[in-house]
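Single-structure report; data block below.
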Amino acid sequence: EAQVTQNPRYLITVTGKKLTVTCSQNMNHEYMSWYRQDPGLGLRQIYYSMNVEVTDKGDVPEGYKVSRKEKRNFPLILESPSPNQTSLYFCASKEPGITEAFFGQGTRLTVV
Amino acid sequence: AQSVAQPEDQVNVAEGNPLTVKCTYSVSGNPYLFWYVQYPNRGLQFLLKYITGDNLVKGSYGFEAEFNKSQTSFHLKKPSALVSDSALYFCAVRDIYNTDKLIFGTGTRLQVFP
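Protein chains in written order, with the working numbering: chain V, 86 to 197; chain Z, 2 to 115.
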């Protein structure tokens, strides 16, 4: 089954404690991205990757890092989380062009 | 600036009645438009897209969307709503500068009452 898998689904952490949210896709897609979803703001892109070892900032990259060492994986790293990063995070993948994106089930992160 | 607006935070409709979820866009050139649906505790699922051609686009689960260039709108419709259609709906437009990126609206919660 074609899917994008994120882990963990839920995470509560404390300010400043480094964390990683993993994302893996099994569709051999070149393009992957991370979004955060906040009430009244919709989804905003954090980072994206056009292929292995190619990453770039989206609209709200501050406080986040990513890496793309393998085509299937695109982890999101918060080196020093802060409460304003409390949000619902989605990973997505797609083929280049006017194609639909496939989304993971989301990770609900709470930073206290 | 490119943007998508969903003017209604919530739409309520009775089961069996037609439903419309509104979306307007602002983008230079020809827009490429999408609708996604988010069920509780699930990721976003693709419903349909408009690229070019027929202004009425048919998608999954009986949904369709009407593209109107003069009104810069792309409203989502369904002739007969189901309770199971209750979810959060997002309209999106492809970014003209980063062509694999989607610019999303703020979402509209659809509530279908039995």
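The beta carbon of each residue, even a glycine, is placed where N, CA and C say it ideally should be.
Contacts with chain V (Cβ-Cβ distance below 7 Å) from the segment 42–66 of chain Z involve R43, G44, L45, F47, K50, I52, listed in chain order. In the same chain as V:K156, and ignoring 5 residues on each side of it, the C-beta atoms closer than 6 Å to its own belong to V137, in chain order. Put simply, the CB of V:I183 is near chain Z, with a gap under 8 Å to one of its CB atoms. Nearest neighbour of V:R94 by Cα position, chosen from V:T140, V:G182, V:T192, turns out to be V:T192. Interface flag for Z:K102 against chain V is set, since a Cβ pair is found closer than 8 Å. Within 10 angstroms of the beta-carbon of Z:T109 lie 16 or more other beta-carbons, which makes it buried. The continuous beta strand (DSSP E) containing Z:C92 extends over residues 88–95. Counting every other CB atom within 10 Å of its CB across the protein chains shown gives V:T184 a total below 16, marking it as exposed.
V:Q170 carries a helical assignment under DSSP once its states are collapsed to helix, strand and coil. At a cut-off of 8 Å between beta-carbon atoms, V:Q170 makes no contact with chain Z. Pairwise C-beta distances place the segment 173–184 of chain V out of contact with the segment 73–84 of chain Z, as fewer than three of them are shorter than 8 Å.
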